[in-house]
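S.K.:
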Amino acid sequence: MAIFSAGASTPEGMADTLYHNARVVTVNDNFDIAEAVAIKDGRIMAVGRYDQLRELAGDDTRQIDLQGKSLLPGFYDGHIHVGTGPRPFGATFNVPTPEQLTEILAQQAATVPAGDWLVGMMNRPHCHLQMPDRRELDAIVPDHPVMLACGVLKLTLNSRAIELAGLSRDTPEPKDGLIVRDEQGEPQGVLTMGARRYATRVIPNPALSDDSARDNLRAQLAKFLPMGVTSVNIAGVRPNELRLIQDVYQRWGDELPRATLQIFLFPGYDDVDTSLAELEGLGFRTGIGDDRLKLGAIKMSMDGAIAVPDFRTLKPYDGQERFKERGPWDNRKGDFDGVTVIPKDSLYRVASRAHELGWQLGIHTIGDAAVVEAVEVLERVLHERPRQDHRHHLHHLTIRPPEETLAKIAALELIVDTQPNYTYYNNAFMLAAVSGNRLERQNPQRSLLEHGIRIAYGSDGLPHGPLLGIWAAVNRLGHDGKVYGAEEAISVEEAIRAYTRGPAYLTFDEQERGSIEAGKVADLVVLAEDPLSVDPLRLRDLAVERTIIAGRELFQGSHVEPYHQRPPAP
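Take the sequence shown: its letter number 142 is residue 142 in full-length UniProt numbering, and every next letter is one higher.
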């Protein structure tokens, strides 16, 4: 029987396209499996059996036989990042593995005059456990200032760069970051979070032309199409970047994934008034835009990051002893419990005003201490100004918080935008902070669902592919090949929901996207095999064959390189 339920009004007349002989995984409430989908004017007309839907095919209808392959709702990556440059910090080269460091740095040094900066990126997760310090870099390149970044939250400098940055044993420690030092207090070159400002203010990073910035943004967004991604939630852009992103979508929006933009504010310790002024100056709120590009939440980061690591925890880090044989760890003592990027009172002042103005809120919380404090702030905000269907959410929630906090998240109807691929890709970082049950239960997918908490999946760019995220959520495998917290694993069906309907709900788009139902937009992905029946260990290697947005095939490919054969993401 054809399915004509849900969504916006259903188009009438003959279909533009009819996909058939498919295993249609609808991801509707019942997770029905159909065999054909009819599309007209960019929307789904009907879903069901081919012998019923073929009456919608006229002489001009494209009938596409998918030869038994799987047709799913387009994946929705609920947490990505893009920038106007091709690489962060104006980096001009990449170091894929620690073994290539000497060769690549020497090659780069030979191409520029002595004294010129060398700025590059190191691939994760290698760069955390084997992050070079000033002495290692000096031995390779003594005549150039060198900066290498590990992601965007941690970087390392050689001695020439340390001198130019004005760093010494007398340099004050920032409240929101760390300067790694030796036993005498001398900087070793590694800077995290807020401490990066010492380096970024002296690294030459010429401003890009608008044309170059637009081209970079367009290229970054287009990379999602071969992954089967039809919508993205960009988790943090600054107000001054809105103009360029709007330009990109005005020019090329019909060839890119649909996008929701979250506005990043940085109240920190001393900039609350600045953030409030930015908030007031925006002049609009969550939801403005159209079906291709719109505004989502106000984003703020309460604690540090996994890749440093300096996320806030309820008990001190307990993994540092494991890394002493690798050289100087850093100046963090045995009672180190992470970095507070935004104090609780500062978060409350900005969050309260944003909520009052009608904004949705998304708060970055990696560690359990940050989760506890952010939930307390949101509880206070909602108690003072109750609002139905606020859809405030926590980004990440990586270290499992106490039961009381999980229950509170459910009661407040907060959503968790979580990254299942962290279990695989970031375990090397978490080993430096947590162990035992806290390590096993990190990234607690099953716990969230059992508490009745809505989840939305995203990648945070580590790497982007939804199929890797689904694979990680189901298998709980770390980068070292070990299973971490099998009790936190979820089913393939639940993981697919979290990468389709979950983010659609997060961005108030559940009536338009996230499932294959009549009236919804025709955003679809074709997989070469059925994710519900293959060996779960093979999920990350399934090939994406077509990516369809508004009924148009924006990507076609007969083969996508399996994930484990791809080079690591920077």
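C-beta atoms are modelled at their ideal positions from N, C-alpha and C, and glycine is treated no differently.
Considering Cα atoms alone, identify which of SER533, HIS392 and LEU72 is closest to THR230.
M.R.: In the sequence shown, the residue the question calls residue 230 occupies position 230. Of SER533, HIS392 and LEU72, the residue nearest in Cα terms is LEU72.
S.K.: Look at the Cβ atom of ASP290, then the Cβ atom of GLY367, and state whether they are nearer than 8 Å.
M.R.: Residue 290 sits at position 290 when you count from the first residue of the sequence shown. Residue 367 sits at position 367 when you count from the first residue of the sequence shown. No, they are not a contact pair.
S.K.: Look at the alpha carbon of PHE336 and the alpha carbon of THR405, and state the distance between them as a whole number of angstroms.
M.R.: Here residue 336 refers to the residue found at position 336 of the sequence shown. Here residue 405 refers to the residue found at position 405 of the sequence shown. Cα to Cα, PHE336 sits roughly 22 Å from THR405.
S.K.: Enumerate in chain order the residues of its own chain whose CB-to-CB distance from SER352 is below 6 Å, with the five nearest sequence positions on each side excluded.
M.R.: Looking up residue 352 in the sequence shown gives position 352. VAL381.
S.K.: Which stretch, first to last residue, makes up the alpha helix (DSSP H) that contains PRO73?
M.R.: To locate residue 73, count along the sequence shown from 1; it is residue 73. Run containing PRO73: none in the alpha helix (DSSP H); it sits in the beta strand (DSSP E), 70 to 73.
S.K.: Under 7 Å from any heavy atom of the ligand SAM, does the C-beta of VAL146 make it?
M.R.: Among the ligands in the structure shown, none appear at all, so the ligand SAM cannot be discussed.
S.K.: Give the straight-line distance between the Cα atoms of PHE93 and ASP116, rounded to the nearest whole angstrom.
M.R.: Locating residue 93 in the sequence shown gives position 93, counting from the first residue. Locating residue 116 in the sequence shown gives position 116, counting from the first residue. Computed Cα separation, rounded: 14 Å.
S.K.: Using the C-alpha atoms, what's the distance from LEU53 back to MET300?
M.R.: Here residue 300 refers to the residue found at position 300 when the sequence shown is read from its first residue. Here residue 53 refers to the residue found at position 53 when the sequence shown is read from its first residue. It is roughly 47 Å from the alpha-carbon of MET300 to the alpha-carbon of LEU53.
S.K.: Do you know offhand how far ALA207's Cα is from ASP215's?
M.R.: Translated into the one-based positions of the sequence shown, residue 207 becomes position 207. Translated into the one-based positions of the sequence shown, residue 215 becomes position 215. Using only the alpha carbons, I get a separation of about 14 Å.
S.K.: Could you have a look at ASN205 and say whether DSSP puts it in helix, strand or coil?
M.R.: In the sequence shown, counting from the first residue as 1, residue 205 sits at position 205. Of the three classes helix, strand and coil, the one that applies to ASN205 here is coil, per DSSP.
S.K.: Evaluate GLU403 with the Cβ neighbour count: other Cβ atoms within 10 Å of its Cβ, from every protein chain shown; 16 or more gives buried, anything less gives exposed.
M.R.: In the sequence shown, residue 403 corresponds to position 403, counting from 1. Flag for GLU403 reads exposed.
S.K.: Tell me whether HIS364 sits in a helix, a strand or coil according to DSSP, three-state version.
M.R.: Here residue 364 refers to the residue found at position 364 when the sequence shown is read from its first residue. Strand.
S.K.: Below 6 Å CB to CB, which residues in the same chain sit around ARG160 once its five sequence neighbours on both sides are set aside?
M.R.: Stepping through the sequence shown from its first residue, residue 160 is reached at position 160. Cβ neighbours of ARG160 beyond the five flanking positions: PRO145.
S.K.: Since ARG197 and GLU186 should fall inside the 8 Å C-beta cutoff, what is the C-beta to C-beta distance between them, to a whole number of angstroms?
M.R.: The count along the sequence shown starts at 1 and reaches residue 197 at position 197. The count along the sequence shown starts at 1 and reaches residue 186 at position 186. Not confirmed; about 19 Å, so no contact.
S.K.: Taking contact to mean at least 3 C-beta pairs separated by less than 8 Å, is the stretch 336 to 349 in contact with the stretch 445 to 461?
M.R.: By the Cβ criterion, the stretch 336 to 349 is not in contact with the stretch 445 to 461, since fewer than three pairs of Cβ atoms, one from each stretch, lie closer than 8 Å.
S.K.: Just list the residues that DSSP pairs ASP59 with in beta bridges.
M.R.: By 1-based counting over the sequence shown, the position of residue 59 is 59. Note: ASP59 sits in no beta bridge, so no partner.
S.K.: Using a Cβ-Cβ cut-off of 7 Å (strictly less than) and excluding sequence neighbours within five positions of ALA114, which residues of its own chain qualify?
M.R.: As a first step, residue 114 must be located in the sequence shown, where it is residue number 114. Hits under 7 Å: ASP143 and HIS144.
S.K.: Would ASN233 be called buried (16 or more neighbouring beta carbons within 10 Å of its own) or exposed?
M.R.: Position 233 of the sequence shown, counted from the first residue, corresponds to residue 233. Buried: at least 16 other Cβ atoms inside 10 Å.
S.K.: With distances taken from CA atoms, which of GLY452, VAL308, PRO401 and ASP509 is nearest LEU153?
M.R.: In the sequence shown, residue 153 corresponds to position 153, counting from 1. For the residues GLY452, VAL308, PRO401 and ASP509, the minimum Cα distance to LEU153 belongs to VAL308.
S.K.: From the DSSP output, read off the bridge partner residues of PHE93.
M.R.: Here residue 93 corresponds to residue number 93 of the sequence shown, with the count starting at 1. Answer is GLY120.
S.K.: By the three-class DSSP mapping on this structure, what secondary structure does GLU183 have?
M.R.: For the purposes of this step, residue 183 is taken as residue 183 along the sequence shown, with counting starting at 1. It is coil, neither helix nor strand.
S.K.: Hey, would you say ALA543 sits closer than 8 Å to LEU527, going by beta carbons?
M.R.: By 1-based counting over the sequence shown, the position of residue 543 is 543. By 1-based counting over the sequence shown, the position of residue 527 is 527. Going by beta carbons, ALA543 and LEU527 fall inside the 8 Å limit.
S.K.: Per DSSP, ASN233 is paired with what?
M.R.: Within the sequence shown, residue 233 is the residue found at index 233, counting from 1. In the DSSP output, where bridge partners are listed per residue, ASN233 has THR260.
S.K.: Need the endpoints of the beta strand (DSSP E) that SER301 sits in, please.
M.R.: In the sequence shown, the residue the question calls residue 301 occupies position 301. Here the beta strand (DSSP E) through SER301 covers 293 to 301.
S.K.: Report yes if the CB atom of ARG513 is closer than 8 Å to the CB atom of ALA504, and no otherwise.
M.R.: In the sequence shown, residue 513 corresponds to position 513, counting from 1. In the sequence shown, residue 504 corresponds to position 504, counting from 1. Their beta carbons are under 8 Å apart, which means ARG513 touches ALA504 by this criterion.
S.K.: Determine, using beta carbons only, whether LEU178 and ALA165 come nearer to each other than 8 Å.
M.R.: In the sequence shown, the residue the question calls residue 178 occupies position 178. In the sequence shown, the residue the question calls residue 165 occupies position 165. Not in contact: LEU178 and ALA165 (Cβ atoms no closer than 8 Å).
S.K.: Give the straight-line distance between the Cα atoms of MET14 and GLN63, rounded to the nearest whole angstrom.
M.R.: As a first step, residue 14 is located in the sequence shown; it is residue number 14 there, counting from the start. As a first step, residue 63 is located in the sequence shown; it is residue number 63 there, counting from the start. Cα to Cα, MET14 sits roughly 12 Å from GLN63.
S.K.: Quick one: Cα of LEU105 to Cα of VAL119, how far?
M.R.: In the sequence shown, residue 105 corresponds to position 105, counting from 1. In the sequence shown, residue 119 corresponds to position 119, counting from 1. Distance between the alpha carbons of LEU105 and VAL119 is about 10 Å.
S.K.: Do you know whose CA, among THR286, TYR499 and TYR424, lies nearest GLY358's CA?
M.R.: As a working mapping, residue 358 is identified with position 358 in the sequence shown. Closest option to GLY358, Cα to Cα, is THR286.
S.K.: Got a sec, what are the start and stop residues for the alpha helix (DSSP H) ARG160 sits in?
M.R.: Within the sequence shown, the letter at position 160 stands for residue 160. First-last of the alpha helix (DSSP H) with ARG160: 159 to 165.
S.K.: In angstroms with no decimal places, state the Cα-to-Cα distance between GLY452 and VAL525.
M.R.: Mapped onto the sequence shown, residue 452 falls at position 452. Mapped onto the sequence shown, residue 525 falls at position 525. Rounded to whole angstroms, GLY452 to VAL525 spans 28 Å at the Cα level.
S.K.: Thinking just about the alpha-carbon of each residue, which of TYR19, GLN100 and ALA369 is nearest to the one in LYS69?
M.R.: For the purposes of this step, residue 69 is taken as residue 69 along the sequence shown, with counting starting at 1. Taking only the C-alpha atoms, the option nearest LYS69 is TYR19.
S.K.: Beta-carbon separation of PRO420 and ASN443 under 8 Å?
M.R.: Along the sequence shown, read from residue 1 onward, the residue named residue 420 stands at position 420. Along the sequence shown, read from residue 1 onward, the residue named residue 443 stands at position 443. Contact flag set, yes.
S.K.: Check whether the stretch 246 to 255 and the stretch 218 to 226 are in contact - that is, three or more C-beta pairs closer than 8 Å.
M.R.: Touching, yes.
S.K.: Decide if LYS520 is buried, meaning its Cβ has at least 16 other Cβ atoms within 10 Å, or exposed.
M.R.: Along the sequence shown, read from residue 1 onward, the residue named residue 520 stands at position 520. Burial call: buried.
S.K.: With a CB to CB cut of under 8 Å and the five nearest residues on each side skipped, what residues in its chain are close to GLN244?
M.R.: Along the sequence shown, read from residue 1 onward, the residue named residue 244 stands at position 244. Per the sequence shown, the amino acid found at residue 244 is Leu instead of Gln. Here the set comprises THR84, ASP210, ALA213, ARG214 and LEU217.
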